[in-house]
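Residue numbers (the numbering used here): 282 to 579. Worksheet: one structure, shown below.
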Amino acid sequence: MKHFLSILDLKPEEALSLVVRAREMKRENYRSTLLSGKVLAMIFEKASTRTRVSFEVGIRHLGGDTIFLTPADSQLGRSEPLKDTARVLARYVQGMVVRTFAQKNVEDLARFGGIPVINALTDLYHPCQVMSDMLTISELADNFRDLTIAWVGDGNNMAHSWINASIYFGFTLNVACPGDYMPDTLVLERALSMGARVFVTDEPKTAVAGAHFVNTDVWASMGQEAEQKKREKAFAGYCLTDELLSLADPGVKVLHCLPAHRGEEITEAVFESARSIVFDQAENRLHMQKAILEWVFS
Numbered sequence: 282m283k284h285f286l287s288i289l290d291l292k293p294e295e296a297l298s299l300v301v302r303a304r305e306m307k308r309e310n311y312r313s314t315l316l317s318g319k320v321l322a323m324i325f326e327k328a329s330t331r332t333r334v335s336f337e338v339g340i341r342h343l344g345g346d347t348i349f350l351t352p353a354d355s356q357l358g359r360s361e362p363l364k365d366t367a368r369v370l371a372r373y374v375q376g377m378v379v380r381t382f383a384q385k386n387v388e389d390l391a392r393f394g395g396i397p398v399i400n401a402l403t404d405l406y407h408p409c410q411v412m413s414d415m416l417t418i419s420e421l422a423d424n425f426r427d428l429t430i431a432w433v434g435d436g437n438n439m440a441h442s443w444i445n446a447s448i449y450f451g452f453t454l455n456v457a458c459p460g461d462y463m464p465d466t467l468v469l470e471r472a473l474s475m476g477a478r479v480f481v482t483d484e485p486k487t488a489v490a491g492a493h494f495v496n497t498d499v500w501a502s503m504g505q506e507a508e509q510k511k512r513e514k515a516f517a518g519y520c521l522t523d524e525l526l527s528l529a530d531p532g533v534k535v536l537h538c539l540p541a542h543r544g545e546e547i548t549e550a551v552f553e554s555a556r557s558i559v560f561d562q563a564e565n566r567l568h569m570q571k572a573i574l575e576w577v578f579s
């Protein structure tokens with residue numbers, strides 16, 4: 282049985298194969314009966330547009346069905362231990378797609394449920410998004426190892442999954458975060474020990490210099506709303522502007538996992554420019570997640 286809780290649940294060759302397979306699925310408008318007769322529980326403690334719709338559509342494209350669960354309409358987050366929830370759901374459904382806060386939640390569901398679990402987002406990782414971004418980049422670049430990719434913003438779940446991706450795909454990753462918002466030390470140290478080319482700075486200009494792709498995300502994620510003002514002050518100077526991007530490669534492309542807060546982490550001009558590929562990213566969630574579902578259930 283397979284789970285997809287982190288990019289590192291894949292072997293290096295599997296990560297590359299998923300990108301190839303997702304491109305095939307996109308080109309063919311792929312449909313199958315792989316999940317025929319299967320129901321997947323969509324367990325979402327965090328609200329979602331892209332993740333929910335892309336997974337539900339993808340599961341249907343593969344012949345499956347879904348049931349959507351939130352804390353408002355289930356025992357999630359109440360008195361029932363998660364390991365009990367996992368064992369109960371495993372009697373009803375054939376897999377779980379989980380969008381939650383703690384990485385331990387998806388790990389416990391996988392440990393106790395006995396059915397495949399896919400991490401649709403935790404506070405530690407967002408592997409489906411970054412694998413989808415690798416698909417998007419592959420449509421524009423021939424060789425990952427020749428690329429410099431910059432992350433500008435919070436050292437959050439997206440940054441962590443980009444660090445993990447750099448291990449397998451071999452690109453140079455420049456990460457720029459304010460001092461109090463650096464990536465998790467263990468995530469970074471593991472990547473460096475595995476040969477990743479990751480460089481961390483608190484200076485956005487240093488990270489963006491010569492970059493072929495520049496990434497960002499909101500400064501305050503779900504659950505951090507109370508920190509909004511504090512974060513706005515800390516992240517001043519981390520906005521993707523035309524001036525900052527002038528330091529990047531002339532053909533630079535801009536990525537954002539959405540939703541975007543225009544005027545905070547990215548300007549309206551940059552977001553709407555020809556350099557922005559954010560809606561290609563959003564579409565590619567569907568195709569990559571179909572490839573991930575196929576990998577998990579084949």
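For glycine and all other residues, C-beta sits at the position ideal for the given N, C-alpha and C.
- Taken through DSSP and simplified to helix, strand or coil, Ser442 comes out as helix.
- Here DSSP, grouped into helix, strand and coil, assigns Ile448 to helix.
- Residue ranges of uninterrupted beta strand (DSSP E) with 3 or more members, entirely inside the region 367-428 and ordered along the chain, are 376-380 and 398-402.
- If you draw a straight line from the Cα of Ala488 to the Cα of Leu521, it is about 12 Å long.
- Minimum Cα-Cα distance from Leu428 among the listed residues Thr453, Val479 and Ile324 corresponds to Thr453.
- Every alpha helix (DSSP H) of 4 residues or more that sits fully in the region 298-357 is shown, in chain order, as 331-342.
- In this structure, the beta-carbon distance from Leu528 to Arg556 does not fall below 9 Å.
- For the alpha helix (DSSP H) assignment, the uninterrupted runs of no fewer than 4 residues enclosed by the region 522-575 are, from N- to C-terminal side, 523-526 and 549-552.
- Take Val577, set aside five residues on each side of it, and the residues of its chain with a beta-carbon closer than 8 Å to its own are Lys283, His284, Phe285, Gly376, Pro397 and Ile399, in chain order.
- For Leu454, the uninterrupted beta strand (DSSP E) run begins and ends at Thr453 to Ala457, by DSSP.
- Burial check for Leu402: the Cβ neighbour count within 10 Å reaches 16 or more, so the residue is buried.
- Beta-carbon to beta-carbon, Val338 and Leu567 are separated by about 6 Å, close enough to satisfy the 8 Å threshold.
- Residue pairing for Val481: DSSP places it in a beta bridge opposite Val456.
- Of the residues Asn445, His342, Thr497 and Glu545, the one whose Cα lies closest to the Cα of Arg478 is Asn445.
- Leu299 is a Cβ neighbour of Leu291, given a cutoff of 9 Å.
- Here Gln356 has Thr366 as same chain residues with Cβ atoms under 8 Å from its own Cβ, once five neighbours each way along the sequence are excluded.
- Residue state for Phe578 is assigned as helix, using DSSP reduced to three classes.
- CA-to-CA, the gap between His493 and Ala431 works out to about 8 Å.
- Judged by pairs of C-beta atoms under 8 Å, the region 536-545 touches the region 402-418, as three or more such pairs exist.
- Arg372 sits exposed, since fewer than 16 C-beta atoms from the chains shown fall within 10 Å of its C-beta.
- By the beta-carbon neighbour count (other beta carbons within 10 angstroms, threshold 16), Leu321 is buried.
- Ranked by how close their Cα comes to the Cα of Gln509, the residues Thr482, Met439 and Glu545 have Glu545 in first place.
- Counting along the chain, the unbroken alpha helix (DSSP H) around Val468 starts and ends at Thr466 to Ser474.
- With a threshold of 16 other beta carbon atoms within 10 Å, Leu467 falls short and is exposed.
- For the pair Lys307 and Phe382, the CB atoms are not nearer than the 9 Å cut-off.
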